[in-house]
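Below is one structure, written out as structure tokens, with a few remarks after it.
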Amino acid sequence: MIAFLIKRLMHAILVMFVISVLAFAIQDNLGDPVQQMVGQSVPESEREEIRERLGLNDPFLVQYARFARNAVQGDFGYSYFYREPALEVIARHLPATLELVFAATLIIVLFSVPIGVYSAIKPRSPISRLFMGVSIIGISIPVFLTAIVLIQIFAIGVTVTLFPESTGWGAWLNAFFSTEGNMPSFGRGYDLVNVVGNWDTNLATWNGLQHLVLPAVSLASIMLPLFIRLIRAEMMEVLQSEYVKYARAKGISMRRVYFVHALKNTMLPVITVGGVQIGTMVAYTILTETVFQWPGMGLMFLDAINRADIPLIVTYLMIVGVIFVVTNTIVDLIYGLVNPTVKLTGKPA
Amino acid sequence: MTFKKTLLASVIGAVVAGTTLLPMTASAETLRIGYSADPETLDLHEQLSGGVLRFSHLAFDPLVRWTKDFQFEPRLATEWEQVDETTMRMTLREGVTFHSGNEFTAKDVVWTIERLKESPDYRAIFEPVASAEAVDDYTVEIVTTEPYPLLLNLATYIFPLDSEFYTGETDDGSDKAEIVKAGNSFASRNVSGTGPFIVTDRRQGVRVDFERFEDYWDTESEGNVSNIVMTPIAENASRVAALLSGGVDFIDAVPPNDLDRVREADGVNLIEIDGTRIIGFQMNEERVEAFQDARVRQAVDLAINQEGIADRLMRGFANPAGQFSPEGYSGHNPDLTPRYDIERAKELMAEAGYEEGFSVEMIAPNNRYVNDAQIAQAVANMLAQINIKVDLRTMPLAQYWPEYDTRESDMAMIGWHADTEDSANFFQYLTFCIDEETGAGQYNYGSYCNEEIDALVTEADSETDLEKRNEMLREAEAMLYEDVGFIMLHWQNLAYAAADGVEVEPVVNAIDFPYLGDLVVKSSDD
Chain A
1 MIAFLIKRLM
11 HAILVMFVIS
21 VLAFAIQDNL
31 GDPVQQMVGQ
41 SVPESEREEI
51 RERLGLNDPF
61 LVQYARFARN
71 AVQGDFGYSY
81 FYREPALEVI
91 ARHLPATLEL
101 VFAATLIIVL
111 FSVPIGVYSA
121 IKPRSPISRL
131 FMGVSIIGIS
141 IPVFLTAIVL
151 IQIFAIGVTV
161 TLFPESTGWG
171 AWLNAFFSTE
181 GNMPSFGRGY
191 DLVNVVGNWD
201 TNLATWNGLQ
211 HLVLPAVSLA
221 SIMLPLFIRL
231 IRAEMMEVLQ
241 SEYVKYARAK
251 GISMRRVYFV
261 HALKNTMLPV
271 ITVGGVQIGT
281 MVAYTILTET
291 VFQWPGMGLM
301 FLDAINRADI
311 PLIVTYLMIV
321 GVIFVVTNTI
331 VDLIYGLVNP
341 TVKLTGKPA
Chain B
1 MTFKKTLLAS
11 VIGAVVAGTT
21 LLPMTASAET
31 LRIGYSADPE
41 TLDLHEQLSG
51 GVLRFSHLAF
61 DPLVRWTKDF
71 QFEPRLATEW
81 EQVDETTMRM
91 TLREGVTFHS
101 GNEFTAKDVV
111 WTIERLKESP
121 DYRAIFEPVA
131 SAEAVDDYTV
141 EIVTTEPYPL
151 LLNLATYIFP
161 LDSEFYTGET
171 DDGSDKAEIV
181 KAGNSFASRN
191 VSGTGPFIVT
201 DRRQGVRVDF
211 ERFEDYWDTE
221 SEGNVSNIVM
231 TPIAENASRV
241 AALLSGGVDF
251 IDAVPPNDLD
261 RVREADGVNL
271 IEIDGTRIIG
281 FQMNEERVEA
291 FQDARVRQAV
301 DLAINQEGIA
311 DRLMRGFANP
321 AGQFSPEGYS
331 GHNPDLTPRY
341 DIERAKELMA
351 EAGYEEGFSV
361 EMIAPNNRYV
371 NDAQIAQAVA
381 NMLAQINIKV
391 DLRTMPLAQY
401 WPEYDTRESD
411 MAMIGWHADT
421 EDSANFFQYL
431 TFCIDEETGA
441 GQYNYGSYCN
451 EEIDALVTEA
461 DSETDLEKRN
471 EMLREAEAML
481 YEDVGFIMLH
491 WQNLAYAAAD
501 GVEVEPVVNA
511 IDFPYLGDLV
521 VKSSDD
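Protein sequence lines, in the order shown, are assigned to chains A and B. Residue numbering for the first sequence follows full-length UniProt numbering, starting at 1 and increasing by one per position. Residue numbering for the second sequence follows full-length UniProt numbering, starting at 1 and increasing by one per position.
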């Protein structure tokens with residue numbers, strides 16, 4: 001166990017090292033940060049002075065060595081835009097992103113398990129077919145579009161006048177398909193509760209939860225169909241296996257067979273995929289947070305790219321790399337718990 | 001399972017219930033703003049940018065400010081007179097206090113001007129100012145190195161800072177007055193101005209909160225906004241959605257694609273203003289020999305249908321231009337209008353010996369100006385008609401400027417807003433013969449050089465008789481029009497939108513700095 005954790009720690013360090021080298025290597029293509037820091041009429045000599053002060057004129061190796069020396073001591077440099085240490089900026093934005101990912105994960109788990117199991121048990125029922133059909137559409141719609149549509153329907157509101165208003169049924173249908181909107185469409189709201197340090201939570205107030213719903217739903221919309229289909233496929237496979245047939249033959253109630261015997265084994269591959277996908281979801285937050293102006297790491301990262309805020313970009317990439325390693329490690333640990341036959345140290349990363 | 005069912009039901013319930021609940025009930029005087037950018041810093045002199053200048057008009061007051069029709073309106077300076085050729089005496093407003101409680105006097109103005117001259121961003125603009133001196137508490141004399149006609153234009157950038165507040169040392173021993181670019185200085189986090197609003201909270205990139213300053217000097221202002229919550233929303237679609245959903249009361253930079261939608265929406269109003277930012281192209285004479293021939297440059301200009309671009313591509317959200325100076329500027333010459341004539345363009349190409357045409361590379365940004373990449377595409381297609389084949393590359397802003405600075409393409413797009421709101425500025429940066437010593441022609445991508453125009457503009461810039469000066473600038477515009485040193489396309493418009501009752505129209509202007517201190521909000525139940 002300890003050997004496993006140490007090995008993972010080495011992985012994390014290796015990942016951070018590789019990412020930092022890559023990020024540094026591409027920084028010249030990210031644009032000129034000084035351009036974003038000065039007014040248009042500032043003469044070239046002034047710009048040169050700033051570049052010199054920020055050390056942007058030094059050769060690649062000198063810049064990298066300086067960065068690495070400081071990074072080892074926990075100093076990842078100063079964000080040009082926020083005028084604060086990059087690590088602090090990220091730490092400030094991290095809770096918002098994690099809450100969003102948490103809420104989306106919750107939605108995915110709450111919906112994918114029952115739907116997946118149901119459509120595996122009753123694959124021919126019309127409801128199952130409906131779910132499968134919708135999930136195909138869900139997989140193919142980009143998150144950006146989902147978000148805009150959600151905003152239009154639930155935040156701005158839609159007035160439907162498709163049906164004749166004069167008839168009773170027409171008016172009823174119009175009213176049925178029209179929405180009032182009024183859901184918040186951006187930001188985290190003004191009703192946050194501080195938990196500890198710089199972690200303000202959306203989860204403690206009604207207003208905060210309302211702000212969380214649309215971004216979380218659109219973020220969940222990417223993964224939800226995938227998990228429904230995955231759980232369904234795994235469950236159907238498990239239901240064919242010998243031990244399920246045996247359990248049935250023994251006369252154990254169907255409910256117990258489905259939810260105790262079958263579901264447990266279904267969840268093994270789901271956990272593996274799920275762990276990896278949660279890491280990917282952190283990446284998807286970039287799009288979701290941009291549309292909803294959710295002040296988390298994703299939005300911060302996109303802004304940093306637009307501003308060529310290199311220290312922040314490099315640090316973000318390294319942190320995300322670590323998040324991937326950490327989630328994979330946790331997944332492996334959970335895997336070990338669910339299936340004791342798996343040996344941790346023997347597993348490749 | 002029952003547990004799961006209950007949870008499922010409660011989540012669905014929350015979603016459904018949420019749609020019928022009002023998110024918040026704000027009092028009418030709280031203004032929630034969704035701006036496309038937030039101030040990079042609270043130190044006015046650290047960065048010259050739209051975000052910081054907008055902020056300046058909230059927490060500070062300038063000596064004078066622009067009115068909608070480009071006149072000067074007295075703010076902290078009440079009167080001004082030219083004492084001699086190089087000296088202007090300004091009388092300051094009495095009874096003005098800073099947010100810190102300090103009284104505003106002439107020493108603050110002197111201190112501010114001296115700090116401006118130290119600022120990397122303002123140093124060049126304030127080059128003509130030699131010194132400032134306090135004659136008494138409410139009189140200040142500003143001396144220029146040479147006769148300088150644009151001192152009042154500069155005065156719109158002088159937002160007096162609280163000199164006492166910004167003097168001294170912080171706890172960690174750094175100077176409170178120091179200007180640190182992209183660093184953590186006292187002035188970038190602490191504010192004391194004379195303006196209508198005090199910053200109460202700021203989370204960079206997330207929101208800035210303001211509260212009305214109780215002792216604000218301008219008691220005649222009808223402005224009744226007591227609190228401002230400013231959220232930066234960079235994404236165009238999200239900003240519009242925030243307004244339409246009632247999440248904010250006021251947004252800037254409504255994208256052209258959403259103009260109709262906002263115009264027709266209930267409960268919100270669209271305000272369009274003719275802008276002053278010129279969009280155009282520069283032709284690189286260093287790389288393309290043909291561009292050194294005035295006839296070829298004229299042909300390029302004639303081949304481009306400015307009216308068409310403004311009408312169709314910009315959907316009327318721009319005014320087609322034949323010169324740098326928009327209406328209202330001193331050098332605006334009403335005779336110079338776009339002259340689209342494809343036949344004449346072909347003739348000129350033939351005359352110059354380029355009937356067969358040639359190929360050029362073109363670069364343009366794709367997220368800086370309204371529809372920038374599409375405009376470049378349209379221009380490329382128009383040039384194909386006179387056999388100039390264009391190889392277009394578009395890129396995001398952060399990559400565009402470094403690329404632009406290398407001057408390694410044949411045509412480049414640029415948009416320019418004159419920091420001084422004056423015609424001469426366009427020439428000095430965009431078409432003056434390049435001189436690295438003086439910084440002239442810093443953005444002259446094409447190395448265009450016409451010494452006659454340069455001489456005329458330079459002369460105009462030390463002509464204090466404004467009528468004579470305007471005449472000279474109009475002449476310079478006409479000369480550039482003939483010689484086609486710059487391909488003019490249009491002046492890009494500005495669009496704001498606000499909820500009903502938020503009477504934005506009187507306080508917005510072509511300079512793009514809304515004077516929110518004077519904003520009147522009528523609550524809906526009046």
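Beta carbons are placed, not taken as given, at the ideal position from N, Cα and C, and that holds for glycine. Quick caveat, the model's predicted, so the values are computed rather than measured.
- Burial of B/L53 is indicated by the presence of at least 16 other C-beta atoms within 10 angstroms of its C-beta.
- One Cα belongs to A/I305, the other to A/I313, and the distance between them is close to 7 Å.
- The beta carbon of A/E46 sits closer than 7 Å to some beta carbon of chain B.
- Between A/A120 and A/M297, the C-beta gap is not smaller than 7 Å, which leaves the two residues out of contact.
- At least 7 Å separates the beta-carbon of B/A106 from that of B/V268.
- By the rule that beta-carbons nearer than 7 Å mark a contact, B/P506 does not touch chain A.
- Secondary structure of B/N493 (DSSP, three-state): strand.
- The three-state secondary structure of B/L383, taken from DSSP, is helix.
- Per DSSP, the beta-bridge partners of B/K389 are B/S359.
- Residue pairing from DSSP places B/E272 in a beta bridge opposite B/A495.
- Classified as buried, B/K181 has 16 or more neighbouring CB atoms from the shown chains inside 10 Å of its CB.
- Listed by position along chain B, the residues whose Cβ is nearer than 9 Å to that of A/Q63 form an empty set, because the closest Cβ is around 16 Å away.
- The C-beta of A/Y243 has fewer than 16 other C-beta atoms within 10 Å across all chains shown, which makes the residue exposed.
- Shown here, A/Q277 sits in a helix according to DSSP, grouped into three states.
- The beta-carbon of A/F186 is placed less than 7 Å from the nearest beta-carbon of chain B.
- Legend: CB atoms of the stretch 196-213 of chain B lying less than 7 Å from CB atoms of chain A belong to residues Q204, G205 and V206.
- Nearest C-alpha to A/I90 among A/T179, A/W172 and A/W199: A/W199.
- The beta carbon of B/S238 falls within 7 Å of a beta carbon belonging to chain A, placing the residue at that interface.
- Note on A/N70: under 16 other CB atoms within 10 angstroms of its CB, so exposed under the neighbour-count rule.
- Counting the other Cβ atoms within 10 Å of the Cβ of A/F60 gives fewer than 16, which makes it exposed.
- Cβ contact annotation for B/D61 (same chain, cutoff 6 Å, sequence separation greater than five): R75, L76, T194 and G195, in chain order.
- Note: B/G415 is bridge-paired with B/I279 in the DSSP secondary-structure output.
- A direct Cα-to-Cα measurement between B/R123 and B/R344 gives close to 46 Å.
- In terms of beta-carbon proximity, B/I271 stays away from the interface with chain A, with every pair separated by 7 Å or more.
- Contact with chain A is absent for B/T276, since none of that chain's Cβ atoms lies less than 7 Å from the residue's Cβ.
- The stretch 390-398 of chain B and the stretch 354-363 of chain B touch, with three or more beta-carbon pairs separated by less than 8 Å.
- Collapsing the DSSP output to three states places B/N153 in a helix.
- Using beta-carbon distances, A/R83 counts as an interface residue toward chain B, with a partner under 7 Å.
- Contact of B/T231 with chain A by beta-carbon distance below 8 Å involves F186, G187 and Q293.
- With contacts defined by Cβ atoms closer than 7 Å, B/F98 and B/S221 do not form a contacting pair.
- Look at the stretch 128-203 of chain A and you find these whole runs of beta strand (DSSP E), each 3 residues long or longer: 193-196 and 199-201.
- Closer than 8 Å at the C-beta level to chain B, one finds these residues of the stretch 18-32 of chain A: N29, L30, G31 and D32.
- Distance between B/W401 and B/Y443, taken at the CA atoms: about 10 Å.
- Taking C-beta atoms as the reference points, B/A234 and B/S36 count as a pair closer than 7 Å.
- Shown here, B/I125 sits in coil according to DSSP, grouped into three states, outside any helix or strand.
- Interface with chain B (7 Å Cβ-Cβ cutoff): A/G39 is included.
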